[in-house]
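Numbering (our numbering), first residue to last: 1125 to 1376. Every residue gets a Cβ at the ideal spot worked out from N, C-alpha and C, and that includes glycine. This structure is a prediction, so every number in the text was calculated from the model and none was measured. First the structure, in the form of structure tokens, and then the observations on it.
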Amino acid sequence: MGSQKGDPYNQTLICPKTPRDCARKMKKLLTTMFAFTVACVTVSAQAQKITGNAEAGAKKVAMCMGCHGIIGYQASFPEIHKVPMIAGQSASYIISALTQYKGGERKHPTMHAIADTLSEQDMADLAAYYSQLGLKEGDAPPPATAAAPSPRVADLIARDKDNSCTKCHGANFNTPNDGSVPKLAGQHADYLYVALKSYKVQNQTQIGRAHPVMGSQAKKFTNAEIKELTSYISALPGDLKTVPESRFHESK
């Protein structure tokens, strides 16, 4: 077999004479191997991280602008309401919403069919495009604090002090505490109303939205109270808007 002294790879596997020294050396070897494995996994995860490209997204919006690019356009599922404004929305939230439509957590036949055709890169590109659409350099940001609501609405917002609406969506409903949380200020009231009611629906195959936080939050309010909340939020200044596409007209 010959001597192994000249082979450094074999030497790392040869234990010293005493069991204690052997255990110490093996522990050191395993620690090194573990660190290397973690480093490889980290590099791999970073390599797989997808970055959205707004220019690429602009070339993929044909399936989106037929609804989201027409001011006042209305949808009929699950009831008639204006489609949400998504220009100026958080990119992370748009990706999250599309992922949920694709996976079925959000039940909507049209949005599921569209999202099901999108890759993760497509979603990231579309999100990057819409998150900056309509925003101009030098635009004044919305007020940091929303206009004071009526005492009635203020009570609704603070109904659960530990989990009030503003805790996640921001004091002005336009600066969420996390990218996956949507901006709400200025959004269509009827869309917000339908969305919040959808979070109250569970175990239905055709309608509803599954969300551990919003599901429990929405159930704390009656539909009449939800309508009061959404009317207030929709009147607040915010980043959201509909940017018309030249090939479409405004819906009357």
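Excluding five sequence neighbours on each side, which residues of the same chain lie with their C-beta closer than 6 Å to the C-beta of residue i?
| i | result |
| --- | --- |
| T1234 | none |
| A1229 | Sequence check: residue 1229 is Glu here, not Ala. Taken in chain order, the residues that qualify are A1334. |
| S1220 | S1304 |
| L1308 | H1293, F1297, I1357 |
| A1237 | none |
| P1306 | Y1217 |
In angstroms, rounded to a whole number, what distance separates the CA positions of residue i and residue j?
| i | j | result |
| --- | --- | --- |
| Q1311 | I1357 | 7 Å |
| K1365 | S1200 | 20 Å |
| F1297 | T1223 | 23 Å |
| Y1323 | R1333 | 5 Å |
| T1269 | T1299 | 10 Å |
| V1165 | Q1245 | Residue placement at V1165 is flagged as unreliable, the pLDDT there being 38, under the threshold of 50; a coordinate-derived value is accordingly withheld. |
| I1331 | P1275 | 33 Å |
| A1239 | M1247 | 8 Å |
| K1291 | V1185 | 33 Å |
| Q1328 | D1314 | 22 Å |
| D1363 | G1190 | 21 Å |
| L1320 | I1350 | 7 Å |
| Q1256 | A1264 | 15 Å |
| K1285 | A1295 | 13 Å |
| A1348 | C1188 | 31 Å |
| R1283 | D1302 | 21 Å |
| C1289 | K1260 | 28 Å |
Return the chain-ordered list of same chain residues with a C-beta closer than 7 Å to the C-beta of residue i, the five sequence neighbours on each side being excluded.
| i | result |
| --- | --- |
| P1273 | I1281, Y1356 |
| I1210 | H1192, I1218, Y1254 |
| K1343 | K1324 |
| G1258 | A1211, G1212, K1365, V1367 |
| I1174 | E1244, Q1245, A1248 |
| A1271 | L1360 |
Per DSSP, what kind of secondary structure is residue i in: helix, strand or coil?
| i | result |
| --- | --- |
| A1295 | coil |
| A1186 | helix |
| P1132 | Residue placement at P1132 cannot be trusted, given a pLDDT of 36 that sits under 50; what the coordinates show is reported in the next sentence. It is helical. |
| A1283 | It should be pointed out that residue 1283 corresponds to Arg in this sequence rather than to Ala. Coil. |
| Q1198 | strand |
| A1237 | helix |
| A1211 | strand |
| K1321 | helix |
| K1260 | coil |
| H1312 | coil |
| K1231 | coil |
| K1206 | strand |
| K1365 | strand |
| V1277 | helix |
| I1174 | coil |
| K1226 | helix |
| G1288 | Residue identity differs from the one stated: residue 1288 is Ser in this sequence, not Gly. Of the three classes helix, strand and coil, the one that applies to S1288 here is coil, per DSSP. |
| S1304 | coil |
| L1250 | helix |
| D1216 | Residue 1216 is actually Ser in this sequence, not Asp. Reduced to three states, the DSSP call for S1216 is helix. |
Are the CB atoms of residue j and residue i within a distance shorter than 8 Å?
| i | j | result |
| --- | --- | --- |
| T1354 | Y1317 | yes |
| L1250 | G1193 | no |
| V1205 | Q1213 | The question names Val, but residue 1205 in the sequence shown is His. Not a contact, by the Cβ cut-off of 8 Å. |
| A1215 | G1176 | yes |
| P1361 | P1208 | no |
| K1226 | L1242 | yes |
| A1252 | A1178 | yes |
| N1287 | Q1326 | no |
Near residue i, which residues of its chain fall below 8 Å by C-beta distance, leaving aside the five closest residues on each side in sequence?
| i | result |
| --- | --- |
| V1277 | E1352, L1353, Y1356 |
| E1203 | V1318 |
| P1368 | G1193, I1194, I1195, E1374 |
Between residue i and the ligand ZN, is the CB less than 7 Å from at least one heavy atom?
| i | result |
| --- | --- |
| L1222 | Judged by which ligands are present, the structure shown has none, so any question about the ligand ZN falls away. |
Exercise. Which parts of the segment 1323 to 1363 are runs of the beta strand (DSSP E), unbroken and 3 residues or longer, counting only runs that do not cross its ends?
Worked result: For the segment 1323 to 1363, not a single whole beta strand (DSSP E) run of length 3 or above is found.
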